[in-house]
Amino acid sequence: MVQYNFKKITVVPNGKDFVDIILSRTQRQTPTVVHKGYAISRIRQFYMRKVKYTQQNFYDKLSTIIDEFPRLDDIHPFYGDLLHVLYNKDHYKLALGQINTARNLISKVAKDYVKLLKYGDSLYRCKSLKVAALGRMCTVIKRIGPSLAYLEQIRQHMARLPSIDPNTRTILICGYPNVGKSSFINKITRADVDVQPYAFTTKSLFVGHTDYKYLRYQVIDTPGILDRPFEDRNIIEMCSITALAHLRAAVLFFLDISGSCGYSIAQQAALFHSIKSLFLNKPLMIVCNKTDLQPLDGISEEDKKLVTEMKDEAMKTVIGQGGEATDEAGVLLTMSTLTEDGVISVKNAACERLLNQRVELKMKSKKLNDCLNRFHVAMPKPRDQKERPPCIPEAVLEARAKQAEADAEKQKRKLERDLENENGGAGVYSASLRKHYLLANEEWKEDIMPEILDGHNVYDFVDPDILQRLEELEREEGLRQEEEGDDDFEMDGAELTPEEKAALAVIRKKKSLLIQQHRMKKSTAESRPTVPRKFDKDKEFTSKRMGRQLSALGLDPTLAINRARSKSRGRKRERSVDGDDIGNDTMDVDEITPSKKQRRSRSLSMSRSRSMSRPRNEFVPGRASRTNLRRKRL
1 MVQYNFKKIT
11 VVPNGKDFVD
21 IILSRTQRQT
31 PTVVHKGYAI
41 SRIRQFYMRK
51 VKYTQQNFYD
61 KLSTIIDEFP
71 RLDDIHPFYG
81 DLLHVLYNKD
91 HYKLALGQIN
101 TARNLISKVA
111 KDYVKLLKYG
121 DSLYRCKSLK
131 VAALGRMCTV
141 IKRIGPSLAY
151 LEQIRQHMAR
161 LPSIDPNTRT
171 ILICGYPNVG
181 KSSFINKITR
191 ADVDVQPYAF
201 TTKSLFVGHT
211 DYKYLRYQVI
221 DTPGILDRPF
231 EDRNIIEMCS
241 ITALAHLRAA
251 VLFFLDISGS
261 CGYSIAQQAA
271 LFHSIKSLFL
281 NKPLMIVCNK
291 TDLQPLDGIS
301 EEDKKLVTEM
311 KDEAMKTVIG
321 QGGEATDEAG
331 VLLTMSTLTE
341 DGVISVKNAA
351 CERLLNQRVE
361 LKMKSKKLND
371 CLNRFHVAMP
381 KPRDQKERPP
391 CIPEAVLEAR
401 AKQAEADAEK
411 QKRKLERDLE
421 NENGGAGVYS
431 ASLRKHYLLA
441 NEEWKEDIMP
451 EILDGHNVYD
461 FVDPDILQRL
471 EELEREEGLR
481 QEEEGDDDFE
491 MDGAELTPEE
501 KAALAVIRKK
511 KSLLIQQHRM
521 KKSTAESRPT
531 VPRKFDKDKE
541 FTSKRMGRQL
551 SALGLDPTLA
561 INRARSKSRG
571 RKRERSVDGD
581 DIGNDTMDVD
591 EITPSKKQRR
601 SRSLSMSRSR
611 SMSRPRNEFV
621 PGRASRTNLR
631 RKRL
């Protein structure tokens with residue numbers, strides 16, 4: 001089954017954008033550097049590649065436009081005539097023809113200039129030929145700019161067309177404007193068609209979908225049609241005429257018997273007779289709408305006669321399809337979209353008529369005979385005169401009896417919803433929560449229990465044995481606490497044997513040793529955290545204090561004090577006055593030549609350290625000369 005989806009058509013750019021897209025792609029996808037020193041064959045190949053690539057891009061883009069737009073001769077006649085009504089078939093074909101001509105011209109231009117590039121004798125000549133080729137291609141595209149703009153407008157409008165399948169089950173709604181067609185499709189489908197109290201609110205075809213007997217039906221709402229000559233009808237009316245002419249659907253002709261649409265029944269009957277040729281071979285039904293304003297029995301005799309004539313014409317379609325002349329109930333229907341009276345019956349009748357017609361057509365087709373030839377219906381024959389009644393096991397019969405009893409009980413049992421509906425409905429009926437109480441006497445369920453009696457709260461005296469039970473509970477809790485207290489006991493040696501006592505003594509001794517070792521390890525100086533100086537502002541943590549504490553414990557504090565001093569003080573570097581001693585005291589490292597900046601900073605630090613470590617009256621040889629030399633450099 002062919003699906004028509006015009007929303008997938010690619011956007012058609014205008015002439016200027018078309019040229020910009022192709023040339024920028026050529027610039028990006030082909031080489032861009034060429035020199036005079038290259039061989040002439042390489043230069044020719046460079047520019048021939050650009051021309052061929054540009055021509056191929058133009059060809060692909062134009063081919064996409066031609067292929068994606070539908071061909072009016074190849075698609076369904078409904079869409080062919082609809083596009084002709086909306087866009088004029090001649091203009092449409094002319095625009096696509098110009099696109100095809102431009103594609104051929106561009107291919108011819110590229111072919112000619114590639115031949116000329118084969119004989120280019122210099123870089124300048126090859127470049128000039130390339131510029132001329134691309135220029136002529138762009139000129140061709142600019143000349144078809146109006147056709148491109150026209151096709152883009154058509155694409156935008158076609159993308160807004162509803163997706164109608166001409167071959168599926170379809171219900172078509174037609175009639176004068178403002179007779180209730182859009183209201184009906186909104187009621188039976190999920191479509192949201194605008195409904196207003198004036199004519200021609202619906203200006204195009206609208207589609208909705210509904211279900212009947214597990215089958216999907218397509219419902220089409222057409223714009224209103226006026227009773228006038230075919231040549232005088234506008235595009236909006238021609239959309240409806242096209243749908244009536246080409247779609248194989250059940251037709252619902254809506255008739256406003258109240259006259260509130262602005263047109264009398266005589267005018268609507270004249271429209272029916274003028275377009276009845278479009279109803280041939282289609283299930284036709286006359287739907288009298290707005291019966292809430294005017295019932296069908298209340299119209300005048302002349303109007304009744306007109307309605308009867310339309311019903312007779314609709315009966316001809318029933319007889320033509322092989323139906324009986326007595327099926328008048330499914331031809332003339334009444335409903336009101338405002339009160340929704342008869343809406344569902346109209347939908348069901350239309351779906352049933354359409355389904356029967358499609359089944360009859362399939363039964364008359366040749367495909368049915370091919371299917372029937374594949375089937376064989378076997379009819380069993382009796383082998384003797386003996387009767388063989390069906391044998392049903394007893395377990396199955398018992399199960400059926402139980403199921404029947406359960407169903408009967410379920411039907412007898414009343415739910416709260418049923419009781420609510422019987423006793424006034426929601427807001428009036430109040431469900432009783434006491435009817436499920438389990439009491440010794442059923443009559444006690446509805447008794448009123450007082451809350452206060454003789455100045456006392458009744459609920460405090462509901463259980464007369466409350467005090468006795470409380471005492472038992474407290475006694476039980478006390479026993480449990482005593483049992484838990486007996487669990488935490490210490491083992492004494494009165495009940496142990498001598499071997500067990502010796503083992504217990506060893507265990508306790510080992511446990512005490514482990515505790516002492518842990519405490520000693522925890523109290524050592526290495527495991528203690530170092531006290532920062534900011535917390536020792538009063539100088540309490542000193543080596544003298546440590547010595548006094550160690551002496552009080554009977555230990556020699558000398559080694560500990562020396563160790564603390566060696567860790568707290570850094571190692572001093574002993575320097576002599578001689579320059580040779582300085583060089584000898586330095587650390588042995590790999591021979592790395594220091595930079596000028598490093599030597600300068602080192603000399604400054606050394607001189608600064610010497611000046612601070614010597615008295616002012618001590619003379620240092622060569623110091624003044626080095627200072628003068630440094631000043632000159634600065």
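Throughout the sequence shown, residue numbering follows the UniProt record's numbering, covering 1 to 634 in sequence. The C-beta atom is built at its ideal place from N, Cα and C for all residues, glycine as well. Model, not experiment: these values are computed from the prediction.
Could you compute how far the alpha carbon of residue i sits from the alpha carbon of residue j?
| i | j | result |
| --- | --- | --- |
| Lys-115 | Lys-52 | 11 angstroms |
| Ala-426 | Glu-420 | 7 angstroms |
| Lys-61 | Val-34 | 28 angstroms |
| Tyr-212 | Gln-156 | 34 angstroms |
| Asn-14 | Phe-46 | 29 angstroms |
| Phe-6 | Ile-286 | 34 angstroms |
| Ser-182 | Glu-360 | 30 angstroms |
| Asn-281 | Arg-358 | 11 angstroms |
| Asp-192 | Gly-175 | 19 angstroms |
| Leu-397 | Asp-407 | 15 angstroms |
| Ser-63 | Arg-233 | 37 angstroms |
| Leu-134 | Asp-112 | 12 angstroms |
| Leu-504 | Glu-483 | 26 angstroms |
| Asp-17 | Arg-25 | 12 angstroms |
| Leu-439 | Glu-422 | 27 angstroms |
| Gly-330 | Glu-387 | 47 angstroms |
| Glu-231 | Glu-237 | 11 angstroms |
| Val-462 | Arg-480 | 29 angstroms |
| Asn-562 | Arg-545 | 14 angstroms |
Which residues share a DSSP beta bridge with residue i?
| i | result |
| --- | --- |
| Cys-174 | Phe-253 |
| Thr-210 | Tyr-217 |
| Ser-336 | Asp-341 |
| Leu-284 | Val-251 |
| Leu-453 | His-456 |
| Asn-289 | Asp-256 |
Of all the options the options, which has the alpha carbon lying nearest to the alpha carbon of residue i?
| i | options | result |
| --- | --- | --- |
| Leu-293 | Cys-261, Gln-27, Ser-240 and Ala-269 | Cys-261 |
| Asn-186 | Asn-178, Val-195 and Thr-497 | Val-195 |
| Arg-216 | Lys-36, Glu-451, Leu-354 and His-376 | Leu-354 |
| Gly-145 | Arg-480, Glu-483, Ala-95 and Ser-63 | Ala-95 |
| Thr-210 | Ser-336, Lys-316 and Cys-351 | Cys-351 |
| Gly-180 | Asp-74, Thr-339, Pro-162 and Leu-129 | Thr-339 |
| Asp-447 | Asp-454, His-456 and Tyr-437 | Tyr-437 |
| residue 653 | Val-307, Tyr-459 and Met-449 | There is simply no residue 653 to check, as the chain begins at 1 and stops at 634 in what is shown. |
| Tyr-214 | Thr-317, Lys-305, Asp-67 and Asn-348 | Asn-348 |
| Lys-108 | Tyr-92, Tyr-124, Arg-136 and Lys-93 | Arg-136 |
For residue i and residue j, which I take to be in contact (beta-carbon distance under 8 angstroms), what is that distance rounded to the nearest angstrom?
| i | j | result |
| --- | --- | --- |
| Leu-151 | Phe-58 | Actually they do not touch by this definition, with Cβ atoms about 16 angstroms apart. |
| Ile-164 | Ile-220 | 7 angstroms |
| residue 636 | Leu-278 | No statement about residue 636 is possible, as the shown extent of the chain runs from 1 to 634 and does not include it. |
| Thr-291 | Ser-336 | 5 angstroms |
| Ile-235 | Leu-86 | 7 angstroms |
| Met-29 | Ala-110 | Looking at the sequence provided, one finds Gln at residue 29 rather than Met. Not quite, the Cβ-Cβ distance comes to about 16 angstroms (not below 8 angstroms), so this is no contact. |
| Val-458 | Ile-452 | 7 angstroms |
| residue 635 | Pro-162 | No answer is possible for residue 635: the residues shown for the chain start at 1 and end at 634. |
| Gln-218 | Arg-160 | That belief does not hold up - the Cβ atoms of Gln-218 and Arg-160 are roughly 18 angstroms apart, past 8 angstroms. |
Taking a contact to mean a Cβ-Cβ separation below 9 angstroms, would you say residue i touches residue j in this structure?
| i | j | result |
| --- | --- | --- |
| Ser-566 | Pro-557 | no |
| Ala-199 | Gly-224 | yes |
| His-76 | His-246 | yes |
| Ile-9 | Ser-122 | no |
| Phe-184 | Asn-289 | yes |
| Met-310 | Phe-254 | no |
| Val-140 | Ala-102 | yes |
| Lys-142 | Val-19 | yes |
| Leu-296 | Ile-257 | yes |
| Ile-99 | Leu-148 | yes |
| Gly-97 | Lys-89 | no |
| Leu-332 | Gly-342 | no |
| Pro-166 | Arg-248 | yes |
| Leu-72 | Met-158 | no |
| Arg-44 | Gly-120 | yes |
| Leu-23 | Cys-138 | yes |
Is there a Cβ of chain D sitting closer than 9 angstroms to that of residue i, yes or no?
| i | result |
| --- | --- |
| Arg-25 | Within the model displayed, chain D is absent; a lone protein chain is all it includes. |
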